[in-house]
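Here the numbering used here is used: the first residue of the sequence shown is 103, the next is one more, and so on.
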Amino acid sequence: MDAVKLRDLYPKLKSWFRPEDHKLRKLPGGGKWYYVPWQTMRDRLDDIYPDWEIDYSDPVQRGEQVVVKCHLKIAGVTRVGFGNSHAEFDDWEEEKKQRGTPEERAIACAFKRAMEQFGVCRYLDIQTGKEKHTEQERRELGEFIKYMSRRNSSDRRDNGDPGAYNLAYQNGWIKDQDGQPAKNSHAKSKQPPAPVSTTSKPIPKSTPKPVSQSVPQPTKKGQGLYPHNNGIIKQLRATTGHTPDFIIKWCGYYKVDMPSKLPLEEFDQLVGIMASEWLTKTKRVSNFDEARAFWGSKLRSLISQGTPQSEVYFVALDELSQIKMKLTVVDS
103 MDAVKLRDLY
113 PKLKSWFRPE
123 DHKLRKLPGG
133 GKWYYVPWQT
143 MRDRLDDIYP
153 DWEIDYSDPV
163 QRGEQVVVKC
173 HLKIAGVTRV
183 GFGNSHAEFD
193 DWEEEKKQRG
203 TPEERAIACA
213 FKRAMEQFGV
223 CRYLDIQTGK
233 EKHTEQERRE
243 LGEFIKYMSR
253 RNSSDRRDNG
263 DPGAYNLAYQ
273 NGWIKDQDGQ
283 PAKNSHAKSK
293 QPPAPVSTTS
303 KPIPKSTPKP
313 VSQSVPQPTK
323 KGQGLYPHNN
333 GIIKQLRATT
343 GHTPDFIIKW
353 CGYYKVDMPS
363 KLPLEEFDQL
373 VGIMASEWLT
383 KTKRVSNFDE
393 ARAFWGSKLR
403 SLISQGTPQS
413 EVYFVALDEL
423 SQIKMKLTVV
433 DS
């Protein structure tokens with residue numbers, strides 16, 4: 103019975119924490135990494151299975167490291183995690199940044215690693231410095247970056263978070279169009295002019311208009327970093343009615359020729375404009391800004407309900423297409 107119960111718990115154990123639950127820390131070899139504090143992981147375990155049990159070995163010092171072994175029992179199944187921490191630091195300034203004693207830090211580390219054996223926070227392993235070669239790896243990384251990009255400015259200020267997409271470039275997880283990490287990708291770029299749709303009324307005057315109708319030529323051949331994004335746009339167009347010319351013009355402002363070559367933040371903007379214009383035309387939303395606000399609210403609601411990132415656009419459009427009355431924006 104316990105084993106069956108554990109299998110029933112796995113979906114909740116493995117589910118992603120909210121973007122605001124993550125923190126950012128510096129890695130010893132350089133770069134930064136998103137992580138979830140052990141206290142937050144413990145709170146989730148309390149909610150999912152309050153009768154969990156834990157046991158620690160006595161801390162042992164091995165060389166410069168304090169090592170602890172953790173036995174964590176959930177629903178009758180025990181998993182083991184080993185934790186370690188520096189016993190002391192050569193740099194006094196670095197030591198002052200540490201919280202708790204070496205033994206306490208090793209215990210917290212052991213608990214987190216035992217939790218990972220149950221699938222908790224395992225999705226964070228996509229943050230490796232190696233280049234993503236397979237389509238699945240690129241898709242998983244893309245979904246993680248888009249998800250973490252939803253951290254608001256107050257969440258990001260706590261430890262100098264430059265934003266998930268910029269962090270991915272800085273860490274070398276993804277490359278620019280020349281195959282190199284973007285050196286200045288953390289600098290905020292200007293919003294490009296938005297093309298006027300041929301399927302609905304023009305975007306309000308407050309939104310910049312294109313300065314030229316010519317489409318810049320693509321700078322690099324191939325399918326881009328996110329080939330599946332081409333299929334996403336094609337399916338969305340079947341609902342929103344946008345023409346291929348509209349998509350090409352939008353991509354052209356980023357000097358690419360297809361959605362799969364768009365940076366993830368700009369791809370989200372493209373989807374948002376398509377959905378907002380569709381809402382303005384078909385659902386009697388009073389203006390474009392209201393439509394964009396409603397679209398964002400809908401996405402946040404679906405994500406909070408556990409809708410997979412790869413499906414959230416389609417689920418949102420499907421649900422909104424069934425609404426007959428005038429929409430109102432509800433903050434979520």
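Ideal Cβ positions, reconstructed from N, Cα and C, are used throughout, including at glycine.
- For Leu269, the closest C-alpha among the options Ile150, Ile247, Lys114 is that of Ile247.
- For Glu166, no beta strand (DSSP E) run applies, since DSSP gives it neither H nor E.
- Rounded to whole angstroms, Trp275 and Arg386 show a C-alpha spacing of 42 Å.
- Contact between the stretch 165-176 and the stretch 133-142 is not established, with fewer than three Cβ pairs separated by less than 8 Å.
- Exclusion of the five residues before and after Arg394 leaves Gly374, Ser378 as the residues of its chain whose Cβ lies within less than 7 Å of its Cβ.
- Val387 sits in coil when the DSSP states are folded into three classes, being neither helix nor strand.
- Between Met217 and Gly343, the alpha-carbon positions lie close to 46 Å from each other.
- For Gly183, there is no enclosing alpha helix (DSSP H); the residue is found in the beta strand (DSSP E) stretching over 179-188.
- A contact between stretches requires three or more CB pairs, one per stretch, nearer than 8 Å, and the stretch 165-185 fails this requirement with the stretch 116-133.
- Taking a 10 Å sphere around the C-beta of Gln272, we find 16 or more other C-beta atoms and assign the residue as buried.
- Taking all protein chains in view, the Cβ of Gly244 is crowded by 16 or more other Cβ atoms within 10 Å, so the residue is classified as buried.
- Rounded to whole angstroms, the separation of the alpha carbons of Cys211 and Ala189 is 14 Å.
- Put simply, of Asp160, Met376, Asn331 the residue whose alpha carbon is nearest the alpha carbon of Leu364 is Asn331.
- Rounded to whole angstroms, the separation of the alpha carbons of His124 and Ser117 is 13 Å.
- In the DSSP assignment, Trp154 is bridged to no other residue.
- Around the beta-carbon of Gly185, 16 or more other beta-carbon atoms lie within 10 Å, marking it buried.
- Around the CB of Ala177, 16 or more other CB atoms lie within 10 Å, so the residue is classed as buried.
- The stretch 114-143 is shown to contain whole beta strand (DSSP E) runs of 3 or more residues at 125-128, 134-137, in chain order.
- Boundaries of the alpha helix (DSSP H) around Tyr267: 266-273.
- Approximately 12 Å separates the beta-carbon atoms of Tyr225 and Pro121; this is outside 8 Å, ruling out the contact.
- Here Lys175 is bridged, per DSSP, to Glu155, Thr180.
- DSSP, read as helix, strand or coil, puts Cys223 in coil.
- The shortest C-alpha to C-alpha distance from Lys336 to any of Gly326, Ser406, Asp157, Met376 is the one to Met376.
- Here the alpha carbon of Met360 sits roughly 8 Å from the alpha carbon of Ile349.
- One Cα belongs to Asp145, the other to Trp154, and the distance between them is close to 12 Å.
- Between Gly221 and Leu115, the gap from beta carbon to beta carbon is short of 7 Å.
- The Cβ-Cβ distance between Arg181 and Gln219 falls below 7 Å.
- Taking each of Leu422, Pro346, Asp160 in turn and checking the Cα distance to Lys400, the smallest one comes out for Leu422.
- Distances from the alpha-carbon of Asp227 to those of Trp352, Lys134, Tyr328, Trp397 put Lys134 closest.
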